[in-house]
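Asks: Supplied in structure tokens, the structure appears directly below.
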């Protein structure tokens, strides 16, 4: 029987190392599919991060760079300025982007750097043991908030998409999810729009993707998907916050 759905050339043929139920594999594939469909495999540079996405360069079948923790937007900026015809995107989790890399994230958007950030929000530090991140929900239990996050101790969750959408240098800002097939399709469309925004030279773009972390949440994969839909989405509403004309 003929295959109707095959691995894109932009992904290396090897098993994922991610935990069962983790959504990183889905998001990796969507990025790779869009690069292939846009015919940009030979012109793409992916900039990884420190965290669960650190091994993205072992899966993406195009050029990649592994920067220091939180510094992906700065490295991507350097690559894009030297090679302005390339598609340059970072792949970052919430600890990497919204905590250690807050400065790089904000000022890259302020300057309107013509790069794209794929921001995976699973509300905690995944690789290092499930510690609280800036995106951790109120009341959520993590290894560093065993009684749940409180306003007095840690303040409120950081809403990255809403914050960056206020900046003049930001051209395309969206928040999506991958808890259902319909949401996966919407996420792919958002990634395509972000990459098109960059290749049109319109400025900074970011797609925030709400993602499940069953291992650190202490849930089954199905329970984790429900958590994204029922607990995360009310705090982090889905949608496009800023869209340039013609994209």
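In the numbering used here, the protein residues as written are 562 to 808.
Glycine included, C-beta positions come from ideal geometry on N, C-alpha and C.
Straight-line CA distance for residue 634 to residue 678?
Replies: In the chain shown, counting from the first residue as 1, residue 634 sits at position 73. In the chain shown, counting from the first residue as 1, residue 678 sits at position 117. One C-alpha to the other measures close to 8 Å.
Asks: Under the assumption that residue 675 contacts residue 764 (Cβ atoms under 8 Å), give the Cβ distance between them as a whole number of angstroms.
Replies: Looking up residue 675 in the chain shown gives position 114. Looking up residue 764 in the chain shown gives position 203. Yes, residue 675 and residue 764 are in contact; Cβ-Cβ is about 6 Å, under 8 Å.
Asks: Give a yes or no on contact between the segment 766–782 and the segment 682–696, applying the rule of three or more CB pairs nearer than 8 Å.
Replies: yes
Asks: Give the straight-line distance between the Cα atoms of residue 616 and residue 609, rounded to the nearest whole angstrom.
Replies: On the chain shown, residue 616 is found 55 positions in, with the first residue counted as 1. On the chain shown, residue 609 is found 48 positions in, with the first residue counted as 1. Straight-line Cα distance between these residues: approximately 7 Å.
Asks: What residue ranges within the segment 730–800 form continuous beta strand (DSSP E) runs of no fewer than 3 residues, ordered along the chain?
Replies: 731–738, 765–771
Asks: By the three-class DSSP mapping on this structure, what secondary structure does residue 827 have?
Replies: No answer is possible for residue 827: it lies beyond the span of the chain, which begins at 562 and ends at 808.
Asks: My guess is that residue 794 and residue 767 are in contact by the Cβ rule of under 8 Å, so how many angstroms apart are they, rounded?
Replies: Position 233 of the chain shown holds residue 794. Position 206 of the chain shown holds residue 767. Not a contact, Cβ separation roughly 18 Å.
Asks: Determine the DSSP secondary structure at residue 618, reduced to helix, strand or coil.
Replies: Position 57 of the chain shown, counting from 1, holds the residue named residue 618. In the structure shown, residue 618 sits in a helix (DSSP, three-state: H, G or I).
Asks: When DSSP builds the beta bridges, which residues end up paired with residue 653?
Replies: For this step, residue 653 is matched to residue 92 along the chain shown. Under DSSP, the beta-bridge partners assigned to residue 653 are 680.
Asks: Are residue 583 and residue 752 closer than 8 Å when you measure CB to CB?
Replies: Along the chain shown, read from residue 1 onward, the residue named residue 583 stands at position 22. Along the chain shown, read from residue 1 onward, the residue named residue 752 stands at position 191. Contact flag unset, no.
Asks: Could you give the distance in angstroms between the alpha-carbon of residue 728 and the alpha-carbon of residue 606?
Replies: Looking up residue 728 in the chain shown gives position 167. Looking up residue 606 in the chain shown gives position 45. Whole-angstrom Cα-Cα distance: 25 Å.
Asks: Can you tell me whether residue 605 is helix, strand or coil according to DSSP?
Replies: For the purposes of this step, residue 605 is identified with residue 44 of the chain shown, where counting begins at 1. Three-state DSSP puts residue 605 in a strand.
Asks: For a test of the three-state rule: what should DSSP assign to residue 625, helix, strand or coil?
Replies: Translated into the one-based positions of the chain shown, residue 625 becomes position 64. Residue state, collapsed to three classes: strand.
Asks: Buried or exposed: which applies to residue 563, given that a residue is buried once 16 or more other Cβ atoms fall within 10 Å of its Cβ?
Replies: Taking the chain shown and counting its residues from 1, one reaches residue 563 at position 2. With fewer than 16 other CB atoms across the displayed protein chains lying within 10 angstroms of its CB, residue 563 is exposed.
Asks: Quick one: measure Cβ to Cβ for residue 646 and residue 694, integer angstroms, because I've assumed they're closer than 8 Å.
Replies: The count along the chain shown starts at 1 and reaches residue 646 at position 85. The count along the chain shown starts at 1 and reaches residue 694 at position 133. About 35 Å; that fails the 8 Å criterion.
Asks: Give me whichever residues DSSP pairs with residue 693 in a beta bridge.
Replies: Taking the first residue of the chain shown as 1, we reach residue 693 at position 132. BP columns for residue 693 point to 685.
Asks: Would you call residue 714 buried or exposed, if buried means 16 or more other Cβ atoms sit within 10 Å of its Cβ?
Replies: Position 153 of the chain shown, counted from the start, is the residue given in the question as residue 714. Within a 10 Å sphere around the beta-carbon of residue 714 sit fewer than 16 other beta-carbons, which makes this residue exposed.
Asks: DSSP has residue 706 in a bridge; who is on the other side?
Replies: Working through the chain shown from its first residue, we reach residue 706 at position 145. According to DSSP, which records beta bridges pairwise, residue 706 is partnered with 703.
Asks: Any idea if residue 743 is buried or exposed, counting beta-carbon neighbours within 10 angstroms, 16 or more meaning buried?
Replies: Mapped onto the chain shown, residue 743 falls at position 182. Result: exposed.
Asks: For residue 572, list the residues DSSP reports as bridge partners.
Replies: Indexing the chain shown from 1 puts residue 572 at position 11. Residue pairing of residue 572 in beta bridges, as defined by DSSP: 621.
Asks: I'd like the list of long-range same chain contacts for residue 661, defined as Cβ closer than 7 Å, with 5 residues on each side in sequence excluded.
Replies: Numbered from 1 along the chain shown, position 100 holds the residue referred to as residue 661. Counting only Cβ-Cβ distances below 7 Å, and skipping sequence neighbours, we find 630, 631.
Asks: Starting from the C-beta of residue 734, find all residues in its chain whose C-beta is less than 6 Å away, skip the five residues before and the five after it, and write them out in chain order.
Replies: Along the chain shown, read from residue 1 onward, the residue named residue 734 stands at position 173. Answer for residue 734: 722, 725, 726, 767, 802, 803, listed in chain order.
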